[in-house]
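Engineer: Residue numbers (numbering that gives the first Met the number 0), protein chains in the order written: chain V, 0 to 174; chain E, 0 to 174.
Number of protein chains: 2
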Amino acid sequence: MTGMSLRHAVLGLLTTGPASGYDLLKRFEVSLAYVWSATQSQLYGELAKMADEGLVEVAAEGPRGRKEYAITADGRAALLHWMTEVEPEPLRRNGMLLRVFFLHLVDPDKAVAFLRRQADLAAQQHDELSKVAELVEQEEPDQENKSGRVVLEWGLRASATYRDWARWAETQISS
Amino acid sequence: MTGMSLRHAVLGLLTTGPASGYDLLKRFEVSLAYVWSATQSQLYGELAKMADEGLVEVAAEGPRGRKEYAITADGRAALLHWMTEVEPEPLRRNGMLLRVFFLHLVDPDKAVAFLRRQADLAAQQHDELSKVAELVEQEEPDQENKSGRVVLEWGLRASATYRDWARWAETQISS
DNA sequence: ATCAGCATGTAAAATGTTACATGATTCA
DNA sequence: TGAATCATGTAACATTTTACATGCTGAT
Chain V
0 MTGMSLRHAV LGLLTTGPAS GYDLLKRFEV SLAYVWSATQ SQLYGELAKM ADEGLVEVAA
60 EGPRGRKEYA ITADGRAALL HWMTEVEPEP LRRNGMLLRV FFLHLVDPDK AVAFLRRQAD
120 LAAQQHDELS KVAELVEQEE PDQENKSGRV VLEWGLRASA TYRDWARWAE TQISS
Chain E
0 MTGMSLRHAV LGLLTTGPAS GYDLLKRFEV SLAYVWSATQ SQLYGELAKM ADEGLVEVAA
60 EGPRGRKEYA ITADGRAALL HWMTEVEPEP LRRNGMLLRV FFLHLVDPDK AVAFLRRQAD
120 LAAQQHDELS KVAELVEQEE PDQENKSGRV VLEWGLRASA TYRDWARWAE TQISS
């Protein structure tokens, strides 16, 4: 009951209009991929719970048992409350850093290879995000994509920082 | 069975010598705070499981039912394997960014306040880490604290990036 | 007609959090 | 002797992942 971010991610996605569990899954995979992830199983269960609690409602039913959920007034209120009144929890788990913390235990060769790979992955992510940024810059700006651009900028800066740090770390370990 | 990073964090901490569940809890809270977190409950349960599986063993018993666990050869092998052969999982959940993604939904005043607070928190964290860095620089360098310094440098760079991004984001939202 | 993609659901297991419960030892 | 700290353990609950299970629809 502490975090419940999944339901807030769902509520946020539903502010742009009704969607099925399947639709939401695609949106989690695409636009929310590095911001909040969810599995198919989790989504359907959560949507059912949220409907019980009146945060969403079935707005329409379609072919193949498709159920489109819409956000309710209660749901909207819950989302806004969570956004501004609930402090985000700081990240406290980073498997990459955990490995680096114990990196003195492995062969220097392997340590260097590890950091090189992390640098490469970060560089690759930075390049991918740069391409996305180019596309997004061509869109006409509105309130909604302004938030998206701010998140994208975070991705660009974070991946660059990560890449540069890993390259620097390699020099530290090998010396 | 996919992640199991908790046990690897425990194994890593035990490479510096035997420790009790209580000792390990303190080390999770202090040195590993932003790298991997664990609760008291989780630790005792995991240590018992790891002893069952032969990754650690009870090396000594002390007052108050204190049990000191030591890493075994199997445990050491499991740690080294995980460090270099298992890919770190990318971070896929960030509650702060999730809020920013939907920030266009709240009053501009509240959006600005949110970003300002994030910038302040990041700045504060950066200052705290800078102080730690000063202390660490006075220690004589060895292999073990070299890894620690690399992690610390990550913290310094990440908090600076986060702080600067939040300040920039504020200008984007308010314009 | 068949295959990719749409669409939902459940069960089991793993992982993580919170709360409860107990008691020993050390130091002021 | 009382408080802080040391020290472990369990139960209940919440969250997340993985796997299984089923069936429809649209396009080629």
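By construction, the Cβ of each residue, glycine as well, lies at the ideal position given by its N, Cα and C atoms.
On a CA-only basis, which of V:46, V:96, V:141 and V:63 is nearest residue 83 (chain E)? Give me that one, please.
Structural biologist: Position 84 of the second sequence, counted from the start, is the residue given in the question as residue 83 (chain E). Residue V:96 is the option with its Cα nearest to residue 83 (chain E).
Engineer: Would you decide whether residue 125 (chain E) is buried or exposed? Buried here means 16 or more other CB atoms lie within 10 Å of its CB.
Structural biologist: Here residue 125 (chain E) corresponds to residue number 126 of the second sequence, with the count starting at 1. Under this definition residue 125 (chain E) is a buried residue.
Engineer: Pair every Cβ in the segment 62-78 of chain V with every Cβ in the segment 5-17 of chain E, then say whether three or more of these pairs are closer than 8 angstroms.
Structural biologist: The segment 62-78 of chain V is not in contact with the segment 5-17 of chain E.
Engineer: Answer with buried or exposed for residue 131 (chain E), where buried requires no fewer than 16 other C-beta atoms within 10 angstroms of its C-beta.
Structural biologist: Indexing the second sequence from 1 puts residue 131 (chain E) at position 132. Counting Cβ neighbours within 10 Å, residue 131 (chain E) comes out exposed, since fewer than 16 surround it.
Engineer: If you measure between the beta carbons of residue 164 (chain E) and residue 6 (chain V), is that distance less than 8 angstroms?
Structural biologist: The residue labelled residue 164 (chain E) in the question sits at position 165 within the second sequence. The residue labelled residue 6 (chain V) in the question sits at position 7 within the first sequence. The answer is no: Cβ separation not under 8 angstroms.
Engineer: Who are residue 70 (chain V)'s beta bridge partners in DSSP?
Structural biologist: One-based indexing of the first sequence puts residue 70 (chain V) at position 71. Note: residue 70 (chain V) sits in a beta bridge opposite V:55.
Engineer: Mind pulling the chain E residues with CB within less than 7 angstroms of residue 135 (chain V)?
Structural biologist: As a working note, residue 135 (chain V) is residue 136 in the first sequence. In chain order: nothing, as chain E lies at least about 13 angstroms away.
Engineer: From the beta carbon of residue 25 (chain E), is the nearest beta carbon of chain V less than 8 angstroms away?
Structural biologist: Working through the second sequence from its first residue, we reach residue 25 (chain E) at position 26. For residue 25 (chain E), the answer is no, since every Cβ of chain V falls outside 8 angstroms of its Cβ.
Engineer: Taking the alpha-carbon positions, what's the residue 4 (chain E) to residue 28 (chain E) distance?
Structural biologist: Taking the first residue of the second sequence as position 1, residue 4 (chain E) is located at position 5. Taking the first residue of the second sequence as position 1, residue 28 (chain E) is located at position 29. Going from the Cα of residue 4 (chain E) to the Cα of residue 28 (chain E) covers about 16 angstroms.
Engineer: Can you say whether residue 53 (chain E) is buried or exposed, counting buried as having 16 or more other CB atoms within 10 angstroms of its CB?
Structural biologist: Taking the second sequence and counting its residues from 1, the one referred to as residue 53 (chain E) is at position 54. It counts as exposed.
Engineer: Which value, in whole angstroms, describes the spacing of the CA atoms of residue 87 (chain E) and residue 98 (chain V)?
Structural biologist: Here residue 87 (chain E) refers to the residue found at position 88 when the second sequence is read from its first residue. Here residue 98 (chain V) refers to the residue found at position 99 when the first sequence is read from its first residue. Those two C-alpha atoms are separated by around 8 angstroms.
Engineer: Using a cut-off of 9 angstroms between C-beta atoms, extract the partners of residue 166 (chain V) located in chain E.
Structural biologist: By 1-based counting over the first sequence, the position of residue 166 (chain V) is 167. Near residue 166 (chain V) there are no residues of chain E at all, since even the closest Cβ is about 12 angstroms away, more than 9 angstroms.
Engineer: Is any beta-carbon of chain V found at less than 8 angstroms from that of residue 118 (chain E)?
Structural biologist: Here residue 118 (chain E) refers to the residue found at position 119 of the second sequence. No, residue 118 (chain E) does not count as interfacial toward chain V.
Engineer: Ordered along the chain, which non-local residues of its own chain (more than five positions away) have a Cβ less than 7 angstroms from that of residue 107 (chain V)?
Structural biologist: The residue given as residue 107 (chain V) occupies position 108 in the first sequence. If we look at residue 107 (chain V) and ignore the five residues flanking it on each side, its Cβ neighbours are 172 and 173.
Engineer: Return the chain-ordered list of same chain residues with a C-beta closer than 8 angstroms to the C-beta of residue 85 (chain E), the five sequence neighbours on each side being excluded.
Structural biologist: As a working mapping, residue 85 (chain E) is identified with position 86 in the second sequence. Same-chain partners within the cutoff: there are none.
Engineer: Pull up the CB-CB distance for residue 166 (chain V) and residue 118 (chain V), whole angstroms please, since I reckon it's below 8 angstroms.
Structural biologist: Here residue 166 (chain V) corresponds to residue number 167 of the first sequence, with the count starting at 1. Here residue 118 (chain V) corresponds to residue number 119 of the first sequence, with the count starting at 1. Correct: roughly 5 angstroms between the Cβ atoms.
Engineer: Which term fits residue 150 (chain V), buried or exposed, when burial requires 16 or more other beta carbons within 10 angstroms of its beta carbon?
Structural biologist: Counting from 1 along the first sequence, the entry for residue 150 (chain V) is found at position 151. Looking at its Cβ environment, which holds 16 or more other Cβ atoms inside 10 Å, residue 150 (chain V) is buried.
Engineer: For residue 171 (chain V), which residues in chain E fall below 7 angstroms Cβ to Cβ?
Structural biologist: Stepping through the first sequence from its first residue, residue 171 (chain V) is reached at position 172. Near residue 171 (chain V) (Cβ distances below 7 angstroms), the residues of chain E are 145 and 149.
Engineer: Since residue 35 (chain E) sits in a beta bridge, which residues does DSSP pair it with?
Structural biologist: In the second sequence, residue 35 (chain E) corresponds to position 36, counting from 1. Bridge partners of residue 35 (chain E): V:92.
Engineer: According to DSSP, is residue 60 (chain V) part of a helix, a strand, or is it coil?
Structural biologist: Taking the first sequence and counting its residues from 1, one reaches residue 60 (chain V) at position 61. Looking at residue 60 (chain V) - three-state DSSP - the assignment turns out to be strand.
Engineer: Taking Cβ-Cβ distances below 9 angstroms as the criterion, which residues of the segment 87-109 of chain E are in contact with chain V?
Structural biologist: Of all residues in the segment 87-109 of chain E, 87, 88, 89, 90, 91, 92, 93, 94, 95, 96, 97, 98, 99, 100, 101, 102, 103, 104, 105, 106 and 109 have a Cβ within less than 9 angstroms of some Cβ in chain V.
Engineer: Just checking: is the beta-carbon of residue 49 (chain E) within a distance shorter than 8 angstroms of some beta-carbon in chain V?
Structural biologist: Walking along the second sequence from the start, residue 49 (chain E) turns up at place 50. Not closer than 8 angstroms to any Cβ of chain V, the Cβ of residue 49 (chain E) fails to qualify, so no.
Engineer: Whole angstroms are fine: how far does the CA of residue 38 (chain E) sit from the CA of residue 135 (chain E)?
Structural biologist: In the second sequence, counting from the first residue as 1, residue 135 (chain E) sits at position 136. In the second sequence, counting from the first residue as 1, residue 38 (chain E) sits at position 39. Approximately 27 angstroms, taken between the alpha carbons.
Engineer: Rank V:114, V:144, V:94 and V:153 by C-alpha distance to the C-alpha of residue 33 (chain E) and give the top, closest one.
Structural biologist: As a working note, residue 33 (chain E) is residue 34 in the second sequence. For residue 33 (chain E), the nearest C-alpha among the options comes from V:94.
Engineer: Can residue 92 (chain V) and residue 121 (chain V) be called in contact, C-beta distance under 8 angstroms?
Structural biologist: Translated into the one-based positions of the first sequence, residue 92 (chain V) becomes position 93. Translated into the one-based positions of the first sequence, residue 121 (chain V) becomes position 122. Cβ distance not < 8 angstroms, so residue 92 (chain V) and residue 121 (chain V) don't count as in contact.
Engineer: Go through its chain and collect everything with a Cβ distance to residue 60 (chain E)'s Cβ below 6 angstroms, but skip five positions before and after it.
Structural biologist: Taking the second sequence and counting its residues from 1, one reaches residue 60 (chain E) at position 61. Counting only Cβ-Cβ distances below 6 angstroms, and skipping sequence neighbours, we find 66.
Engineer: With a threshold of 8 angstroms between beta-carbons, can residue 68 (chain E) be considered close to chain V, or not?
Structural biologist: Residue numbering aside, residue 68 (chain E) sits at position 69 when the second sequence is read from its first letter. No, residue 68 (chain E) does not count as interfacial toward chain V.
Engineer: For the putative contact between residue 146 (chain E) and residue 103 (chain V), defined by C-beta atoms under 8 angstroms, what is the C-beta separation to the nearest angstrom?
Structural biologist: As a position in the second sequence, residue 146 (chain E) is number 147, starting the count at 1. As a position in the first sequence, residue 103 (chain V) is number 104, starting the count at 1. About 5 angstroms separates the two Cβ atoms, so the contact holds.
Engineer: Apply the 10 Å Cβ neighbour rule to residue 170 (chain E) and answer buried if 16 or more other Cβ atoms are within range, or exposed otherwise.
Structural biologist: Here residue 170 (chain E) refers to the residue found at position 171 when the second sequence is read from its first residue. Exposed.
Engineer: Which chain E residues sit within Cβ distance under 8 angstroms of residue 79 (chain V)?
Structural biologist: Along the first sequence, read from residue 1 onward, the residue named residue 79 (chain V) stands at position 80. Correct list: 104 and 105.
Engineer: Quick check: residue 58 (chain E) and residue 69 (chain E), are their CB atoms within less than 8 angstroms of each other?
Structural biologist: By one-based count along the second sequence, residue 58 (chain E) stands at place 59. By one-based count along the second sequence, residue 69 (chain E) stands at place 70. Cβ atoms of residue 58 (chain E) and residue 69 (chain E): closer than 8 angstroms.
Engineer: Applying the criterion that 16 or more other CB atoms from any shown protein chain within 10 Å of the CB defines a buried residue, is residue 64 (chain V) buried or exposed?
Structural biologist: In the first sequence, residue 64 (chain V) corresponds to position 65, counting from 1. So residue 64 (chain V) ends up on the exposed side.
Engineer: Could you name the residues of chain V that residue 156 (chain E) contacts, counting a contact when the two beta carbons are closer than 7 angstroms?
Structural biologist: The residue given as residue 156 (chain E) occupies position 157 in the second sequence. Result: 160 and 164.
Engineer: Taking all protein chains shown into account, do 16 or more other C-beta atoms lie within 10 angstroms of the C-beta of residue 40 (chain E), making it buried, or fewer, making it exposed?
Structural biologist: As a first step, residue 40 (chain E) is located in the second sequence; it is residue number 41 there, counting from the start. It is exposed - the Cβ of residue 40 (chain E) has fewer than 16 other Cβ atoms within 10 Å.
Engineer: Could you please give me the residues that DSSP links to residue 121 (chain V) through a beta bridge?
Structural biologist: Taking the first sequence and counting its residues from 1, one reaches residue 121 (chain V) at position 122. Note: residue 121 (chain V) sits in no beta bridge, so no partner.
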